[in-house]
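Enquirer: Using the numbering used here, the letters of the sequence shown correspond one by one to residues 629 to 750.
Using N, Cα and C, we set each Cβ at its ideal position, and we do this for glycine too.
Predicted model only: the values in this text are computed from it and were never measured.
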Amino acid sequence: MCSRPWQGWMVSLTLALLAACAGPDAKTPPPAEPYQRVLLYTAGEWPGAAEVADRAARLAGVPVREAMQLAPHRYRMSLLCADADACRAAMARIRADRTFAVGIDAEGRVQIPAKPSRDASR
């Protein structure tokens, strides 16, 4: 039991506010455009991520966004598809051109950035 009457009231108010935050309205809305994030391994050197994204978009037949180079011959990008089947078909079209792509993998997990070292955070 609470020894002071206002403590019980504050606890009730706090619990009510926390319950309201956890409700279904607190969820983030789905993305405006469905997409599939992929890792693309190229067969040769490319000048930059923009050229790789352009070639991937032409092969896949779907728009490509957020292309970035992770390492030589390795790029991450998002394929904007109508649904999961369309994304799988787009990935298969990219994979079919062996002169461009050695491999393409769907990236299903989210990477959490590493915690900076103590020296780097100063």
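1. Which same chain residues, not among the five before or five after Asp733, have their C-beta less than 7 Å away from its C-beta?
2. Tell me, please, which residues DSSP counts as bridged to Asp713.
3. When you compare the region 682 to 694 with the region 708 to 728, are there three or more beta-carbon pairs, one atom per stretch, that lie closer than 8 Å?
4. Helix, strand or coil for Asp725 per DSSP?
5. Rounded to whole angstroms, what's the CA-CA distance from Val680 to Asp713? Just pull it up for me.
6. Can you tell me whether DSSP reads Val690 as helix, strand or coil?
7. Just to confirm, are Phe728 and Ala671 a CB contact at a threshold of 8 Å?
8. Hey, how far is the Cα of Ala718 from the Cα of Pro675?
9. Which residues in the same chain have their Cβ closer than 6 Å to the Cβ of Gly781, if we skip the five residues on either side of it in sequence?
Expert: Based on what the coordinates show:
1. Your numbering for residue 733 matches position 105 in the sequence shown. In the same chain as Asp733, and ignoring 5 residues on each side of it, the C-beta atoms closer than 7 Å to its own belong to Val666 and Leu667, in chain order.
2. On the sequence shown, position 85 is the one that residue 713 refers to. Within the DSSP secondary-structure output, Asp713 pairs in no beta bridge.
3. The answer is yes - the region 708 to 728 touches the region 682 to 694, with three or more Cβ pairs under 8 Å.
4. Counted from its first residue, the sequence shown places residue 725 at position 97. It is coil, neither helix nor strand.
5. Taking the sequence shown and counting its residues from 1, the one referred to as residue 680 is at position 52. Taking the sequence shown and counting its residues from 1, the one referred to as residue 713 is at position 85. Near 23 Å, if we compare the C-alpha coordinates of Asp713 and Val680.
6. Within the sequence shown, numbered from 1, the residue matching residue 690 stands at position 62. For Val690, the three-state secondary structure derived from DSSP is coil.
7. Residue 728 sits at position 100 when you count from the first residue of the sequence shown. Residue 671 sits at position 43 when you count from the first residue of the sequence shown. Yes.
8. Translated into positions along the sequence shown, residue 718 becomes position 90. Translated into positions along the sequence shown, residue 675 becomes position 47. In this structure, the CA atom of Ala718 is about 23 Å from the CA atom of Pro675.
9. Because the chain here runs from 629 to 750, residue 781 falls outside it and cannot be looked at.
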